[in-house]
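Numbering (the numbering used here), first residue to last: 136 to 307. We treat Cβ as the ideally placed atom computed from N, Cα and C, and that holds for glycine. This one's a predicted model, so the numbers in the text were calculated from it and none came from an experiment. Remarks on the structure that follows.
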Amino acid sequence: LMGGTIHVASRLAEGSCFTVELSLPLLEQTPSKMPVISPEVVSRSCAPRVLYVGRHAAERQLLRLSLSPWQIIPVYADTLHDAVALCRDVHVVLMILDAAELSTRRMKELQTLKQKLPPCCLLGEHAPAGEMTDFFLGILKKPLSQSSLRPILAPLLEKFNAASPNAVRAAS
């Protein structure tokens with residue numbers, strides 16, 4: 136069903152050893168219709184960045200893999216405080232906040248910091264209650280994928296391209 140193989144080796148009175156091989160692609164194989172930044176023209180120092188605020192290594196890896204075709208650099212922060220400091224130093228076009236990191240205290244902190252933060256999406260299954268729903272551009276479902284990022288990132292990259300004199304508009 137998944138295009139893999141399974142092998143079983145057994146020895147009487149000793150037990151069995153199972154070997155399984157599966158092909159589990161992390162990224163969709165459909166080509167992107169999204170504007171990208173040419174790595175030959177734009178240095179890494181002025182390339183757009185997407186900031187993930189959370190501690191999950193798997194989500195960080197998925198973000199890195201999802202952004203690589205668009206030459207967008209992922210950056211990471213464990214806390215909102217770290218995110219604000221990072222946003223002062225580099226141009227972040229989108230902040231992705233892991234819903235698993237949100238608590239009532241952090242929601243209040245987010246509300247006080249929202250003027251200092253770039254456009255923000257929530258990564259998780261549930262929308263926050265109350266006034267903060269207007270703060271988020273959208274909710275990204277886990278696991279993170281190119282198809283979920285594309286509609287949110289496309290207008291942000293267009294804005295980045297328009298504002299950046301070195302940016303190149305291209306489709307990949």
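In chain order, what residues of the same chain lie with their CB nearer than 6 Å to the CB of residue 225, ignoring the 5 residues before and after it?
As a working note, residue 225 is residue 90 in the sequence shown. For residue 225, where only same-chain residues beyond five positions count, the Cβ hits under 6 Å are 184.
Return helix, strand or coil for residue 173, following the three-state DSSP convention.
The residue given as residue 173 occupies position 38 in the sequence shown. Residue confidence for residue 173 is low, a pLDDT of 42 falling below 50, so the modelled location carries little weight and cannot support an answer.
For residue 151 and residue 140, what's the separation of their Cα atoms in angstroms?
Translated into positions along the sequence shown, residue 151 becomes position 16. Translated into positions along the sequence shown, residue 140 becomes position 5. Near 16 Å, if we compare the C-alpha coordinates of residue 140 and residue 151.
Assuming residue 256 and residue 229 make a contact with CB atoms under 8 Å, what is their CB distance in whole Å?
Position 121 of the sequence shown holds residue 256. Position 94 of the sequence shown holds residue 229. Residue 256 to residue 229, Cβ: 6 Å. Contact.
Given that a residue counts as buried once 16 or more other Cβ atoms are within 10 Å of its Cβ, and exposed if not, what is residue 273?
Working through the sequence shown from its first residue, we reach residue 273 at position 138. Residue 273 is exposed by the Cβ-count criterion.
Three-state secondary structure (DSSP) at residue 216?
Position 81 of the sequence shown, counting from 1, holds the residue named residue 216. Looking at residue 216 - three-state DSSP - the assignment turns out to be helix.
Taking only the alpha-carbon atoms, compute the straight-line gap between residue 233 and residue 258 and give it to the nearest angstrom.
Your numbering for residue 233 matches position 98 in the sequence shown. Your numbering for residue 258 matches position 123 in the sequence shown. Roughly 5 Å between the two C-alpha positions.
If we call anything under 8 Å between Cβ atoms a contact, is residue 231 one with residue 186?
Translated into the one-based positions of the sequence shown, residue 231 becomes position 96. Translated into the one-based positions of the sequence shown, residue 186 becomes position 51. Yes. Within cutoff.
Do residue 271 and residue 249 count as a contact pair if the criterion is CB distance below 8 Å?
On the sequence shown, position 114 is the one that residue 249 refers to. On the sequence shown, position 136 is the one that residue 271 refers to. No; because the gap between Cβ atoms is not below 8 Å, this pair is not in contact.
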